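Chemist:
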Amino acid sequence: MGARTHLTLKAAILVGGAQKGTRFRPLSLQLPKPLFPIAGVPLIEHHIEKLSSLRDLSEIFLLGFYPADQFKEFVDR
């Protein structure tokens, strides 16, 4: 048998943003929906927490139409 190749995983989370959260206004005027608090933490954090249990995960990409600065504070912490 040949040597095993170590694979790393990358994940993508679709964060949307094209509609600007019209159904959640006025809440979504100041905060993107993925950052809405659910059980005390941003919704997207629940997804990241589940993904982080994957042993070979190397990167998580947030894909959407929100301005990057709206997620910068969340990502930096």
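Reminder that position 26 of the sequence shown reads as 28 in this note's numbering, one-by-one numbering, no gaps. Where is the CB? At the ideal position from N, CA and C, for every residue including glycine. These numbers were taken from a predicted model, which means no experiment stands behind them.
If we ignore side chains and look at the alpha-carbon of each, how far apart do V43 and H49 end up?
Modeler: 11 Å
Chemist: For I46, count neighbouring Cβ atoms within 10 angstroms of its own Cβ and tell me buried if that reaches 16, exposed if not.
Modeler: buried
Chemist: Using the rule of at least 16 other Cβ atoms within 10 Å of the residue's Cβ for burial, across every protein chain shown, is P28 buried or exposed?
Modeler: Residue burial annotation: P28 is exposed, with fewer than 16 other C-beta atoms found within 10 angstroms of its C-beta.
Chemist: With a threshold of 16 other CB atoms inside 10 Å of the CB of L37, please say whether the residue is buried or exposed.
Modeler: buried
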